[in-house]
Amino acid sequence: MAALNQFFAIYGSLVNFIGINALLALSLYLTLSAGQLSLGNAAFAGIGGYTAGILTMKCGVPFLVSVAAGSLLAGVVGLVLGLPVLRLRGVFLAIATLAFGEVVRIVVLNLDITGGAQGLVGIPNITTTWGIYLALAVSGYAIARLRYSRVGWCFESIREDETAAETMGINTTYYKTLAFTLGAVLAGFTGALYAHLNYIITPGEFGFSVALDLLIYNIVGGIRVWYGPVLGAALLTALPEILRGTGLTAGPIRMAINGLILLLVILFLPNGLASLFERGGRGKPTAFGAAVSEEA
Amino acid sequence: MLLEVNEVTRTFGGVNALDGISLAVEKGGVHGLIGPNGAGKTTLINVLSGIIAPSSGRVFFDGSPVHAMPAHRLAARGVARTFQNVRLFPAMTCLENVIAGQHLVAPRPFLPILFCLPSARREEAGYGQEAMACLRRVGLADRVHVPAKALSYGERRRLEIARALASRPRLLLLDEPVAGMRQKGVRQVGSLIQSLAAEGMTILLIEHNMSFVMGLCSTITVLNFGRTLITGSPDEVSRCPEVIEAYLGVSEHHA
Amino acid sequence: MALLAQQLVNGLFIGSVYGLFAVGYTLVFGVLDILNLAHAAVFTLGGLIALWLVGTGGLSIWTAFPAAVLCCGVLGLILDRIAFAPLRQRTDSNFSGLISSIAMAIIFESAALGLFGARTVRFPAHTVTVHIWRWAGIFITSLQVEIVGIAILLMVALTQFLNRARAGKAIRAVAENDRTARLLGIHVDGIIAFTFFISSALGGAAGILFGLYFNSLSPDMGHSIELKGLAVIILGGMGSIPGAILGGLAFGLSEVLTVAITGTSNLRDAVAFTVLFTVLILRPSGLLGRKKMREA
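Here the protein sequences come in this chain order: A, B and C.
Numbered as in this note's numbering, the first sequence ends at 297 without a single skipped number.
Numbered as in this note's numbering, the second sequence ends at 1496 without a single skipped number.
Numbered as in this note's numbering, the third sequence ends at 311 without a single skipped number.
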């Protein structure tokens, strides 16, 4: 117990960040699993975080209600944004969500109620490590099970070939919007948790580079399976600490290693690190692990 | 009449890919659609499956107008199709491709699956068996867990048919189902189509393989330059001079 | 009136630099259908290399400029060889190319950080002699004229090259349809490498001009222009060179005018991104673009 306490004293912050980043990575994973490349989840997290922070801090709203409100608002914005934006293909969707994210960041930067560049200061510290990891466990489990529901199969089909999916009866607009909105809700939820972690949030924490980081967590970890993004987030968040242990503390070197990892993954391990754990070759058995009988 | 096409026109940037097409497909038959390249066959299938809308004209499926419907609504009515250049889900296995095709018939609700309820297990086992049945039907029972991208060309075409069957359609639109296949595969697909028709399935197929079409179809429509030349029995079509001229460019008299 | 005219001059000036940057971006997109997100990093390295050649190497700016531009061209070749060529065969090559360009951007930026340090640096005092002219109440510096002149010269040269020279026409052929180009005997891989050379050379040139004008260079100077460059090519139409040039000018003008009208630079970028977003939703092919922007 004492050892655990000591561990937390030194690495508590890192453990929290890993949990938060993993949740955010999962929120992007939801959208990516339906084949939609969105770079707006950092902004959704910001919307959730600022909304919840303002409600708790300035309106005395109870924590859980603020978090719910933040998630809900992020979801609504996601829905409204998704409708026009999801008609765009591939990289254009990414750029549109990126532009959206930048507009949100700049607006937040210039409003008084959000504290401007100084950020929102004095948010009560309510989020605990256990809370974060409970949320992570529940989200991860739910997303894992989602894969075997009809919604999950729709997402996969749309991702593989949208036109073919349409001819199989899948309303691709509906499901793409669903994936996008669910991702926004989870991102908003995580932002709300994050806001109550360190007393302060600033606009820079929800900008373009964070959005890009989330994408990188997903790619490095792998987007074929739910634990990929979690793996990617954990590894890349902990990387600076790991490197510090080996004596490589220089900023440029750490940055170069991040870039190198991403490059090596995309060149040689395109399904991410998680693909190292998947059963080789045979593909996944059906929902409950029971292989279907192959008798003729 | 299961399917009625009324004066359907489809224009692309000034070119009439379809120019006043009319045809009718009877329930439970195999209807062939042939014509030289560029005649508009695939465009017609795209209109019939809802991928593109007609510029004018109407389509009726089982009596209801469907020409303004998007693809997923048409699929829900019982129209399934395969594609000329095979659009499978490459990363999924054969079984998974078929399971994905069960969208319309397998609700797979989230909550029972979330809580791993026994009812969900039972239903999933049932759907699994159905999917296996589709695979067996097309002769892919031994390739269950093989990723679709690893299949041979002929196997891919058959898998696409299996996936189309998974939604229990009433009308099956096949766009060149045996193109580029070897004799054995062609025969396999031919007897598959025959057995499906015998069970009451209505099939409309595009093909260039003449013996395949002539031997299988009860009615054939010939298209050329976006217009119907003739609709008739294989005999009538093979003897029609305009059809021969469309394909060979030379009328019989001058032989 | 003089104030407005002054703003127009400033806007055209910065717009020509944006245009030069955007032209390289859009050239690669037109040919490969890939967004090269390392372009901004090359922009940065161009400026820093030129600075090094002048400051430490003692070269005159007129020698350093072409030398640095050439180096950037080589960087483009490296980019193609390492990050894009190996992925050409993949079915998701646009997406994986995007990711590997992000990886290379990180690596390039870390190189800039490592080699040149994190501080903001300036060109040595007498790198360029500046005359200021006054005409009808408007101030124009000789530096501005030179920069605009070089930018326009390069853009015109590129347009002429693409229309007249054999290699230029080959590039356009590959952009239209690489399979047909191959059948016509065009060495597609070589042409693509050459395209990267030109694109990165131009991007580097833009970086040098940018650095000369603002006389402030740092490893992260690419960040500000990265998103603006995207906005410019969307506005002008992806894959269209004249579109990128016009888009750059329009963007420069709108930036300057927004600041003039609102009196503050805070919302300048927000306006820009809102415009970008609107263009994507309403007319994704931009002003002059031809490529398909929506799903099949």
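Heads up, the beta-carbon is just placed ideally off N, CA and C, and yes, glycines get one too.
All values reported here derive from a predicted model rather than from experimental measurement.
| Item | Value |
| --- | --- |
| In terms of residue numbering, what span does the beta strand (DSSP E) encompassing residue 190(C) cover? | Careful: residue 190(C) lies outside any beta strand (DSSP E), inside the alpha helix (DSSP H) at 181 to 191. |
| Have a look at 1458(B), 1443(B) and 1301(B) and flag the residue whose alpha-carbon is nearest the alpha-carbon of residue 1268(B). | 1443(B) |
| CB-CB under 8 Å to residue 74(A), same chain, minus the five flanking residues each way: which ones, in chain order? | 48, 49, 52 and 189 |
| DSSP puts residue 1265(B) in a beta bridge; with which residues? | 1245(B) |
| My parser needs the alpha helix (DSSP H) runs of 4 or more residues fully inside the region 195 to 239 of chain A; what are they? | 209 to 222 |
| Name, going along the chain, the residues of the region 97 to 124 of chain A whose beta-carbon falls closer than 8 Å to a beta-carbon of chain C. | 97, 99, 100, 101, 103, 104, 107, 108, 110 and 111 |
| Does DSSP put residue 1476(B) in a helix, in a strand, or in coil? | helix |
| Give the interface partners of residue 149(A) over in chain B, defined as CB-CB distance under 8 Å, in chain order. | 1349, 1354 and 1365 |
| Quick one: is residue 1393(B) near chain A, going by C-beta distance under 8 Å? | no |
| For the region 1330 to 1341 of chain B, list every residue whose C-beta sits within 8 Å of some C-beta in chain A, in sequence order. | 1330, 1331, 1332, 1333, 1334, 1336, 1337, 1340 and 1341 |
| From which residue to which residue does the alpha helix (DSSP H) around residue 1334(B) run? | No alpha helix (DSSP H) holds residue 1334(B); DSSP gives it neither H nor E. |
| Would you grab the beta carbon distance between residue 87(A) and residue 101(A) for me? Rounded to a whole angstrom, and I think it's under 8 Å. | Rounded, the Cβ-Cβ distance is 12 Å, inconsistent with contact. |
| Does the separation of the CB atoms of residue 130(A) and residue 194(A) fall below 8 Å? | no |
| Using the Cβ count rule (16 or more neighbours within 10 Å means buried), how would you classify residue 1307(B)? | buried |
| Report back the beta-carbon spacing between residue 267(C) and residue 258(C) to the nearest angstrom; my notes put them in contact at under 8 Å. | So it is not a contact: roughly 15 Å between Cβ atoms. |
| What are the boundary residues of the beta strand (DSSP E) that includes residue 1381(B)? | Neither: residue 1381(B) is in no beta strand (DSSP E) and is coded neither H nor E. |
| Whose C-beta lies closer than 8 Å to the C-beta of residue 1449(B) among residues of the same chain, with five residues either side of it excluded? | 1275, 1417 and 1420 |
| So with Cβ pairs under 8 Å, would you call residue 169(A) a contact of chain C? | no |
| For residue 1388(B), write down the residues that DSSP places opposite it in a beta bridge. | 1334(B) |
| Using a Cβ cut-off of 9 Å, pull out every chain A residue sitting near residue 129(C), in sequence order please. | 251, 252, 253, 254, 256 and 257 |
| Anything in chain A within Cβ reach of residue 270(C), meaning under 9 Å, just list it in chain order. | In chain order: nothing, as chain A lies at least about 14 Å away. |
| Just grab the DSSP bridge partners of residue 1301(B) for me. | 1245(B) and 1306(B) |
| Please decide whether residue 244(A) counts as near chain C, where near means a Cβ-Cβ distance under 8 Å. | no |
| Return the chain-ordered list of same chain residues with a C-beta closer than 6 Å to the C-beta of residue 244(C), the five sequence neighbours on each side being excluded. | 36, 37 and 40 |
| Which whole-angstrom value describes the C-beta separation of residue 225(A) and residue 272(A), a residue pair presumed to lie in contact below a C-beta threshold of 8 Å? | 5 Å |
| Pull out every residue of the region 198 to 222 of chain A whose Cβ sits closer than 9 Å to any Cβ of chain C, in chain order. | 209, 210, 213, 216, 217 and 220 |
| Just verifying my parser: in three-state terms, what is the DSSP assignment at residue 1287(B)? | helix |
| Leaving out five residues on either side along the sequence, give the residues of the same chain with a beta carbon under 7 Å from the beta carbon of residue 260(C). | 34, 38 and 170 |
| What distance in whole Å lies between the Cβ atoms of residue 58(A) and residue 123(A), which are believed to be in contact at a cut-off of 8 Å? | 6 Å |
| Could you give the C-beta distance for residue 39(A) and residue 181(A), rounded to a whole number, given that I count them as a contact under 8 Å? | 6 Å |
| Check each residue of the region 264 to 280 of chain A: if its Cβ is closer than 7 Å to any Cβ of chain C, include it; give the result in chain order. | 264, 267, 268 and 271 |
| Run through the region 50 to 80 of chain A for me and flag every whole alpha helix (DSSP H) of 4 or more residues, listed as ranges in chain order. | none |
| Reducing DSSP to helix, strand and coil, say where residue 129(A) ends up. | coil |
| Measure how close the beta-carbons of residue 234(A) and residue 222(A) come, nearest whole angstrom, since I'm counting them as under 8 Å. | 7 Å |
| Where does residue 96(C) fall in DSSP's three states? | helix |
| So, is the C-beta of residue 152(A) closer than 8 Å to a C-beta in chain B? | yes |
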